[in-house]
Amino acid sequence: MYAVSPLSELSPLEVHRLYKLRVDIFVNEQKCPYSEIDDIDATPSTLHVLAWSADPEEHHHLLGTTRLYPDTVEGKPVSHLGRLAILPEARGTGLGADLMFQTLRLAYEKYGEQDVFLTAQSPLVEYYAAFGFTVAGEEFDDEGVPHTPMILAGSKLASIIDARS
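Under UniProt numbering, the letters of the sequence shown match residues 1 to 165, in that order.
Here it is in structure tokens:
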């Protein structure tokens, strides 16, 4: 089950689960002590895509998340996709690909054929390339983790969504 909300519309427990998942993955699992929670999260135009378990026995178990917000890259408006995080036990189930698809569909619904930008952890460049993203700049260091800027041409979004629907 997917939900899309700005941070201000999430309950305190949902915000806790969102931040716990991201900190557990980006700070603890990847051993990268940095400020995971930033001001972009709380901006009203930032949308958090949350993948919840469908099992009612698990009482809202957060399996994965992304965030999407309007941004500008080299003076051009883009939708910025980031903070893709999947619970370790949900990896390899297809959830990551489905969450990416849902986020790209949201980008298309919200921003039309505007390009989608992300900064991939460099070992994941091929993962994002499978969704149509191409390298859009030089690799850079972000808190000790190599990242590569990537872009998905907005003109490709409709065909990606049609092919998956």
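Positions of the beta carbon are idealized from the N, C-alpha and C atoms, including for glycine.
Note that this is a predicted model, so its numbers are computed, not measured.
Check                                                                                                                         : Outcome
Extent of the continuous beta strand (DSSP E) run through L50                                                                 : L47 to W52
Expected contact under 8 angstroms - CB spacing of L63 and L95 to nearest Å                                                   : 6 angstroms
Neighbourhood of P146 by C-beta distance below 6 angstroms, restricted to the same chain and skipping five residues each side : S122 and E139
DSSP three-state assignment for P149, whether helix, strand or coil                                                           : strand
Distance between beta carbons of Y2 and Q114, contact taken as under 8 angstroms                                              : In fact, because the Cβ distance is near 21 angstroms, the residues do not count as touching under 8 angstroms.
Cα-Cα separation, R83 to Y128                                                                                                 : 13 angstroms
Inter-stretch contact (C-beta, 8 angstroms, three-pair minimum) for the region 8–24 and the region 35–51                      : yes
Spatial distance of S79 from D39 (CA atoms)                                                                                   : 17 angstroms
Neighbour-count burial assignment, A54, 16 or more Cβ in a 10 Å radius                                                        : exposed
Under 8 angstroms between C-beta atoms of D71 and F26                                                                         : no
Which of helix, strand or coil DSSP assigns to K31                                                                            : coil
DSSP three-state assignment for A136, whether helix, strand or coil                                                           : coil
Three-state secondary structure (DSSP) of R67                                                                                 : strand
Inter-residue Cα distance where the pair is P33 and D141                                                                      : 14 angstroms
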